[in-house]
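Protein chains in written order, with UniProt numbering: chain A, 1 to 531; chain B, 1 to 285.
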């Protein structure tokens, strides 16, 4: 190549290079210009922000409440926000259920347990643009303190519990901020399963709910369920106390398995081991032999049954009754069924709001019962099942499907969801059950059913030490292990009987729910130990 | 001679008073006996004056009232080892008087286990509705000892309803129809179709026109009753029947007894003399 050619090439190169360089320079210049513009804008904005934020003191995240001062401020409950409070300026503390900005306004729904109310921050002489923006950015579930004036609305706000008023916010402070990403959305947790499928919206499956129980319990449905459960406990206590029963507490760490060895939890007890009580049976009876006449107890029951069903828990709350009677164990049945009827009546008359709330997510038929309670004999139940085509022996126990079928037959004929089946065959009952006086095949024992599922198993207990020993031997039980139990009856024991129900199961069946974990706050089953 | 001497009654006066009391007592007994006979004479078919004897004992057996044999197994199906329980759902606002009467007749014929329940759809009922089937039987703890169950449930139902064998029978609605069913457990319907139709026709008249009808219709029924009772002692002929039970209860329910024409009044007294209508009258008090 000639020098000139090379020179030419270099020149071209140089030209290309300079072109590139020029382009580069241009780009950089543009960038710089843009940056400068942005910067200018920001400073301008900041200036405006600082200039125009006249509401700076009326919102924000204050210091954590560490009891710095004792404010004598009255906080109004959301459920009390009615048209009577119209035009009043009030303070309240609630959770932010939702917040949604719309131009110069931000709509919030503030929630307190089952109640919620619409609130609004609007740009005006009380709130600035920055305040509205702040409100729109508050994360869901955060707890806020709000000062607002209550205003009547012309059109009812259908989506809130407080339908006749809304709040116009003057001040809003975040007392406790929630993390931005929630493990589950409350609206999804409350959505009925069918609706979720139809509209393609999410529902939350049970395991997720149970793993994040603290948030799941905040939903209106959960609040209603556990308030109703509290009512059941309260009615149980009140009814029995009025009947002259005494509440007792029984030990849960015991030395011998009471019901029958297989399903007990073992605990290490210093140098030996002990068991967690499967039921308060032994101790209830000892109290009767100790002249307490009529007792009841409310406490945990532990069953190490590896059953993963919709109605079994490894730990549940047992409501147990035991009473001495005069001449016939039906006195005990009458007492227990009357207590159950009083509970049902109490729930029917005082907890309709809670029942309706649960029904919104889990629709079911209302619970029906008769007063006095229907009592059928076991032979009648077997005859009804045989009439419906079931084949079973006279002394066979009822299988779960047969129990459900019998429940349906009884419902059809008598229109009741609660009944007692009396005089079970002796062969299928525990060793301490008193046999029938006339027919050795049967016993003085009974089961009670709600919506076709068993909720109580009870009987007249054997109060004679000799007969008890004979029956235990017949059941091939090691007499050494139950020596102290038999001893209780050696020094004068009145005829007595009783039974126990599971709180969670009763609530589940009363509300027509399908899984006992829904009525247990922090359920325990073979696969779940937390939360 | 003064009656009181030294503050004491003269023994002669005492003797006189005693004789007077004795005569009065005999007079009252005679009066009661004559009244009893009078009632018996005016009541067709009555063997004895039951209104007197029924106040003495609650277990009056009038097995002669309904003749004709009936067998529960034939009527209700074989006993499968379970109590044959008849379930009646009634609205407490309209107690079924005729069924209560039939219940007491059934109890005299069979061993009946009677229970009354209040359904959860009703908040409360007056106490007389809870005891309308009489006192609880001493053996009621052993259901298998009874031949028949009679379970009355006070429930918020639009129309009276009876359920018996859920597998084989649909529910029976209406007091008239349930009355027909229960009556057939006591005695068969008349074999003669004309007589049977007559009974049915009176039943329908009673429940539809007398109870549910306007004042005009009621008056018409009373006139019809009057003319029928002019010809025969009881509504369907010479014998007391379901027609009489039904009409009497409906007349009682509508309160027309006092203003009824002559034959009807006589018939009402005859019915009462038979002593079956105690439960119905008790309820209306």
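We treat Cβ as the ideally placed atom computed from N, Cα and C, and that holds for glycine.
Thinking just about the alpha-carbon of each residue, which of the options is nearest to the one in residue i?
i                     : options                    : result
residue 311 (chain A) : A:414, A:109, A:507        : A:507
residue 505 (chain A) : A:468, A:465, A:454, A:427 : A:454
residue 225 (chain A) : A:369, A:353, A:366        : A:353
residue 357 (chain A) : A:467, A:84, A:113         : A:113
residue 438 (chain A) : B:165, B:142, B:112        : B:142
residue 263 (chain A) : A:81, A:170, A:32, A:275   : A:275
residue 229 (chain A) : A:281, A:502, A:62, A:525  : A:502
residue 423 (chain A) : A:333, A:24, A:133, A:81   : A:333
residue 244 (chain A) : A:199, A:324, A:440, A:375 : A:324
residue 235 (chain A) : A:351, A:155, A:292, A:483 : A:351
residue 269 (chain A) : A:280, A:256, A:281        : A:256
residue 231 (chain B) : B:264, B:256, B:218        : B:264
residue 100 (chain B) : B:20, B:36, B:88           : B:88
residue 106 (chain B) : B:120, B:32, B:86, B:92    : B:86
residue 140 (chain A) : A:22, A:208, A:107         : A:107
residue 458 (chain A) : A:129, A:138, A:335, A:83  : A:335
State buried or exposed for residue i, treating a residue as buried only when at least 16 other CB atoms are found within 10 Å of its CB.
i                     : result
residue 215 (chain B) : exposed
residue 170 (chain B) : exposed
residue 278 (chain A) : buried
residue 277 (chain B) : buried
residue 384 (chain A) : buried
residue 476 (chain A) : exposed
residue 186 (chain A) : buried
residue 61 (chain B)  : Because the pLDDT at residue 61 (chain B) is just 38, under 50, the model does not fix this residue reliably, and the value given afterwards should be weighed accordingly. Flag for residue 61 (chain B) reads exposed.
residue 92 (chain A)  : buried
residue 158 (chain A) : exposed
residue 427 (chain A) : exposed
residue 20 (chain A)  : exposed
residue 119 (chain A) : buried
residue 94 (chain B)  : exposed
residue 116 (chain A) : buried
residue 216 (chain A) : buried
What residues are listed by DSSP as bridge partners for residue i?
i                     : result
residue 425 (chain A) : A:442
residue 269 (chain A) : A:272
residue 234 (chain B) : B:237
residue 169 (chain A) : A:148
residue 420 (chain A) : A:375, A:448
residue 151 (chain B) : B:87, B:115
residue 496 (chain A) : A:324, A:461
residue 254 (chain A) : A:275
residue 101 (chain A) : A:106
residue 298 (chain A) : A:319
residue 91 (chain A)  : A:75, A:147
residue 456 (chain A) : A:448, A:501
residue 280 (chain A) : Partner(s): none; residue 280 (chain A) has no beta bridge.
residue 111 (chain A) : A:95, A:116
residue 59 (chain A)  : A:172
Within 6 Å: the Cβ of residue i and any heavy atom of the ligand SAH?
i                     : result
residue 148 (chain B) : Ligands displayed in this structure: none; no statement on the ligand SAH is therefore possible.
For residue i, which residues in the same chain have their Cβ closer than 8 Å to its Cβ, ignoring the five residues on either side in sequence?
i                     : result
residue 86 (chain A)  : 150, 151, 152, 165
residue 479 (chain A) : 469, 472, 473, 486
residue 213 (chain A) : 521, 522, 531
residue 282 (chain B) : 128, 132
residue 218 (chain B) : 209, 210, 254, 256
residue 241 (chain A) : 247
Keeping to the same chain, check which residues put their C-beta closer than 6 Å to that of residue i; ignore five residues upstream and five downstream.
i                     : result
residue 248 (chain B) : 271
residue 117 (chain B) : 153
residue 432 (chain A) : 461, 462
residue 173 (chain B) : 159, 161
residue 534 (chain A) : Limits of chain A in this structure are 1 at one end and 531 at the other, which puts residue 534 (chain A) out of reach.
Who are the near neighbours of residue i in its chain, counting only those whose CB is closer than 7 Å to its CB and skipping five residues on each side?
i                     : result
residue 183 (chain B) : 102, 242
residue 97 (chain B)  : 249, 252, 253, 280, 283
residue 53 (chain A)  : 128, 130
Would you call the region 296 to 305 of chain A and the region 441 to 451 of chain A in contact, with 3 or more CB pairs under 8 Å?
no
Cβ contact check for the region 307 to 327 of chain A and the region 516 to 530 of chain A: 3 or more pairs under 8 Å
yes
When the Cβ atoms of the region 214 to 231 of chain B are set against those of the region 248 to 260 of chain B, are three or more pairs found closer than 8 Å?
yes
Counting pairs of Cβ atoms below 8 Å between the region 126 to 144 of chain A and the region 19 to 35 of chain A, do you hit three or more?
no
I'd like to know if the region 361 to 376 of chain A and the region 240 to 254 of chain A are in contact, where contact means that at least 3 CB-CB pairs between them fall below 8 Å.
no
So does the region 492 to 501 of chain A actually touch the region 167 to 182 of chain A, counting three or more Cβ pairs closer than 8 Å?
no
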